[in-house]
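Report on the following structure.
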Amino acid sequence: SFGWCLAAGACLSHAARWLARRSAQLSERSALTLLALPLVLVFLRMCQLQDATWVSATALWGHAYAVNPRGVLPAGEYGMALVSTGEYSAAEPVLRWAMANAPRDHERGIAYYTLGVCLYSMG
277 SFGWCLAAGA CLSHAARWLA RRSAQLSERS ALTLLALPLV LVFLRMCQLQ
327 DATWVSATAL WGHAYAVNPR GVLPAGEYGM ALVSTGEYSA AEPVLRWAMA
377 NAPRDHERGI AYYTLGVCLY SMG
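Note that the working numbering has the sequence shown beginning at 277, numbered continuously upward.
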């Protein structure tokens, strides 16, 4: 969050000033670069790994459903993504569960409609 970013920036700035004072060869800007570069590389790698999760709607909602299998929203969205890719046999149990456990009528209606499309497409 924004607060953590501000705290990390303040810590980096303080550490760069301290490092520049301790070393006669480093300026404050060079020290900040040396300290920030590993963090930037770590966050870049984390973004790359997250992008692999978001490669498609099926992958995104499949991950969300795996993380929260009792969530109605991930189940419904995952079911819709499976139906849109033609994976009807995988979508059916997910949509049935979402329809049975949806706390609100509109969520139940969306799951019901998508399950109908799924069953119709299966024949």
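Where a beta carbon is used, it is the ideal one built from N, C-alpha and C, also for glycine.
Looking at the structure shown, is residue i part of a helix, part of a strand, or coil, going by DSSP?
i    : result
V263 : An answer regarding residue 263 cannot be provided, because it is not within the stretch 277 to 399 covered by the chain.
V393 : helix
W330 : coil
P379 : coil
A300 : coil
T361 : coil
Using the rule of at least 16 other Cβ atoms within 10 Å of the residue's Cβ for burial, across every protein chain shown, is residue i buried or exposed?
i    : result
L308 : buried
L358 : buried
L315 : exposed
Suppose the cutoff is 8 Å on Cβ atoms and the five residues either side in sequence are ignored; what does the same chain contact list for residue i look like?
i    : result
T329 : A335, L336 and H339
Kindly list the residues whose CB is nearer than 6 Å to the CB of residue i, restricted to its own chain and excluding five residues on each side of it in sequence; keep chain order.
i    : result
Y388 : M375
M398 : Y364
A333 : A357
Less than 8 Å between CB atoms is the rule here; does residue i satisfy it with respect to chain C?
i    : result
L320 : Among the protein chains of the structure shown there is no chain C, as only one such chain exists.
Near residue i, what residues of its chain come up, given a Cβ to Cβ distance below 7 Å and the 5 sequence neighbours on each side ignored?
i    : result
I386 : G352
W373 : A351
V393 : V359
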